[in-house]
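This report refers to the structure that appears directly beneath it.
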């Protein structure tokens, strides 16, 4: 039979191309430039389509895509492995990873507290902020509240204070550690270091 010549319009072709799913190698090439990832991390995160989609949803919702990558490849991957779950079945949705990363970025949550909260996020599916508020785990950055704890630590450790003033400046690590312990890890470490150094002058 005579076949009618097939003419493919440029517009139709462009639409078909635009509707095609992005290939893994294209994602692998795009992630380092778009999210500042190392090529190795991009390889890991694009190993499966589900991995890549989960990461990208979290990365676009956060101010720190590199930190998101660390949580997805580290803590989340470890918990999924230990419970025999796939990332598509993760009890923690991408938006909660993004929220956790941004809470650390704004100083509302310390890295140490984030590590405590993460397993609870996995167990309950709750957002990090909800867990923080429920358990009173917000990082303390208020100068007045920190000074009260620092003053108590200084008063209770006269020997170490004397050593510091005598030139043994490394002892400040002990005093800062005592503040962190007294605050149950909730004190902002950078603020504690600064205030402690000022008070010991």
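In my numbering, the protein residues as written are 88 to 288. Just so you know, even glycine gets a beta-carbon here, dropped at the ideal spot from N, CA and C.
Put residue 179 into one of helix, strand or coil per three-state DSSP.
coil
Looking at residue 111: is its Cβ nearer than 7 Å to the Cβ of residue 133?
yes
For residue 187, which residues in the same chain have their Cβ closer than 8 Å to its Cβ, ignoring the five residues on either side in sequence?
158, 196, 201, 204, 205, 208 and 215
Residue 165 by DSSP, collapsed to three states: which one?
helix
Distance check for residue 257 and residue 251, CA to CA, integer angstroms please.
7 Å
Using the Cα positions of residue 282 and residue 269, report the straight-line distance between them to the nearest angstrom.
15 Å
Which of helix, strand or coil DSSP assigns to residue 274
strand
Please return the same chain residues whose Cβ sits closer than 6 Å to the Cβ of residue 273, not counting the five positions on each side in sequence.
226 and 227
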